[in-house]
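The structure appears below as C-alpha cells.
2 protein chains.
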Amino acid sequence: MAQEIERKYLLKDGSWRDAVTESRRMTQGYLTTLSGGARASVRVRVSGDAAFLNIKSMTLGVSRDEFEYPIPVADAQHMLDHLCSGAVIDKWRHYVRFGGLLWEIDEFLGANAGLVVAEVELSSEDQAITLPDWAGAEVSDDPRYYNVSLVEHPYAQWKDV
Amino acid sequence: MAQEIERKYLLKDGSWRDAVTESRRMTQGYLTTLSGGARASVRVRVSGDAAFLNIKSMTLGVSRDEFEYPIPVADAQHMLDHLCSGAVIDKWRHYVRFGGLLWEIDEFLGANAGLVVAEVELSSEDQAITLPDWAGAEVSDDPRYYNVSLVEHPYAQWKDV
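Those sequence lines, one after another, are chains A and B.
Under UniProt numbering, think of the first position of the first sequence as 1, with each following residue one higher.
Under UniProt numbering, think of the first position of the second sequence as 1, with each following residue one higher.
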C-alpha cells in the first residue's frame with residue numbers, strides 16, 4: 001500500500017503552460033458512488049495504451065491510503081462504457097517541475113471544461129513547499145474537487161449551486 | 001472479460017457433504033455498497049495465501065460480466081480491515097463434482113451462519129443441467145442471496161423481515 005499525501009490548488013492564470021514538459025490525455029470513471037457511503041473510491045483510468053484500477057480511502061484532506069494495479073485496456077474500456085457510475089471524466093494531465101517537485105495540472109474537458117487544478121504529491125504532511133507564482137487558493141480539503149465528486153457534480157453545474 | 005453464467009440453489013439436506021473433494025476458507029468484503037446505485041460490485045477476497053479483486057456487473061439474474069485480478073494478500077487484508085463497507089463475509093467453500101459440472105457450496109459463518117447455498121457455473125444460459133438430489137429451490141434471481149447483499153443484510157437478520 002502507498003499513502004498518497006497530496007495538496008491541491010486552483011490556478012491564478014495560464015502562465016504554467018510555458019513550463020509543461022509532458023501532457024497525457026486521461027479518461028477515467030468510478031465503480032463506486034459518493035452517495036452510498038462507501039469507504040473507498042474505485043477508479044478505472046485509461047491513459048494512452050495503459051490502464052489502471054486505483055483504490056483510495058475516502059477520507060477527506062491531504063493523506064489517503066492508495067492501491068493501484070495495471071489492468072488490460074480492453075477491460076478498463078468495458079468498465080468505463082458499462083460499469084462506471086455517473087459521467088466519465090476526460091482531461092489532459094500536464095506535468096510541470098517546480099521547486100524540486102513534480103506538479104500535475106489537470107485541465108478538464110467535457111462537463112468539467114473550464115476547471116483546472118494543480119496537484120503536488122508530498123512525502124509527508126508537513127513538508128514545506130515553495131509555491132509557484134501560478135498557484136492560487138488551496139482546495140485540498142474541498143470535496144467538490146475530488147474527481148469522484150466531479151462525475152456526479154460536474155463543474156458545468158456548479159453555477160447552479 | 002469473462003461472462004459469469006451461474007445458477008444458485010438452496011440445499012435440501014446435508015447429503016452433499018459426502019461428495020466434497022476440496023474445501024477452502026474464504027474471507028471477503030465489498031468496496032461498493034448496495035444503496036449508492038453503483039452498476040458493479042467490487043469484491044476483495046482472501047482465500048488461503050491468494051487474494052483477488054473481482055468486479056461484476058450488478059445486473060440481476062443468471063448472467064453477469066466479470067473481471068478478476070490477483071493482488072497481494074497484504075493489500076487485500078488492509079482493504080478488508082479498513083476500506084470495505086458493511087460486514088466481512090466469512091465462509092467455507094466446498095467443491096463437489098456432479099453430472100460433469102463443478103458445484104461450489106458456500107457454507108457461511110459469523111452473521112450469516114446457517115446459510116448454505118450451492119452454485120454451478122454454466123457455459124450458456126440455456127445449458128441443460130442434471131440437478132443433484134440435494135439441490136433445493138433455485139434462488140438465482142433472489143438478490144438477498146448475493147454476497148454483496150449479505151454484508152448489509154446478513155442471514156441472522158432475515159427473521160426480522
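Cβ atoms here follow ideal geometry from the backbone N, Cα and C, with glycine treated the same way.
For D75 of chain A, the closest alpha carbon among the candidates B:M1, B:K159, B:P154 and B:E152 is that of B:M1. For D75 of chain A, the nearest beta carbon of chain B is closer than 7 Å to its own beta carbon.
Under the Cβ criterion of 7 Å, V88 of chain B is not counted among the residues facing chain A. Flagged as an interface residue toward chain A: G36 of chain B, by a C-beta distance shorter than 7 Å.
S140 of chain A is not a Cβ neighbour of K56 of chain A, given a cutoff of 7 Å. Only residues of its own chain outside the window of five on either side were considered, and among them L31 have a CB closer than 7 Å to the CB of L83 of chain B, listed in chain order.
Under the three-state reduction of DSSP output, W134 of chain A falls in the coil class, being neither helix nor strand. Between V46 of chain A and M26 of chain A, the alpha-carbon positions lie close to 6 Å from each other. If you ignore the 5 residues before and after D106 of chain B, its C-beta comes within less than 6 Å of the C-beta of K91, R93 and V117, all in its own chain and listed in chain order.
Around the beta carbon of W134 of chain A, 16 or more other beta carbons lie within 10 angstroms, which makes this residue buried. The C-alpha of G48 of chain B is placed about 29 Å away from the C-alpha of D142 of chain B.
Excluding residues up to 5 positions away in sequence, A2, F52, L53, N54 and I55 lie with their Cβ nearer than 8 Å to the Cβ of E68 of chain B in the same chain.
A direct Cα-Cα distance of roughly 12 Å separates I129 of chain A from E119 of chain A. The beta carbon of Q77 of chain B is closer than 8 Å to those of V46 and A51 in its chain, skipping five residues each way along the sequence. When the Cα atoms are used, S23 of chain B and E104 of chain B turn out to be separated by approximately 9 Å. Its Cα nearest to that of I89 of chain B, the residue B:F108 stands out among B:S41, B:I5 and B:F108. If you ignore the 5 residues before and after G136 of chain A, its C-beta comes within less than 8 Å of the C-beta of Y9, L10, L11 and K12, all in its own chain and listed in chain order.
DSSP, read as helix, strand or coil, puts V151 of chain A in coil.
Take the alpha-carbon of A40 of chain A and the one of L80 of chain A: they are about 18 Å apart. The beta carbon of R43 of chain B sits no closer than 7 Å to any beta carbon of chain A.
In this structure, G36 of chain A lies near T33 of chain B, with their beta-carbon atoms less than 7 Å apart.
Within the same chain, I5, V62 and S63 come within 8 Å of E125 of chain A by CB-CB distance, once the 5 residues on both sides are set aside. Judged by DSSP in its simplified three-state form, V62 of chain A adopts coil rather than helix or strand. In the DSSP annotation of this structure, the continuous segment of the beta strand (DSSP E) that includes Q3 of chain B starts and ends at A2 to L11.
A distance below 6 Å between beta-carbons, with the five flanking residues on each side excluded, links P132 of chain A to the following residues of its chain, in chain order: F98. Residue environment for D18 of chain B: exposed (fewer than 16 other C-beta atoms within 10 angstroms of its C-beta). For R93 of chain B, no CB of chain A lies under 7 Å from its own CB, so it is not counted at the interface with that chain. Under the DSSP definition of a beta bridge, S15 of chain A lacks any partner. At a Cβ-Cβ threshold of 7 Å, A113 of chain A and P154 of chain A do not count as neighbours.
Here E121 of chain A has E6 as same chain residues with Cβ atoms under 6 Å from its own Cβ, once five neighbours each way along the sequence are excluded. Along the stretch 24-99 of chain B, the beta strand (DSSP E) occurs as fully enclosed runs of 3 or more residues at 40-47, 50-57, 63-70 and 85-98, listed in sequence order.
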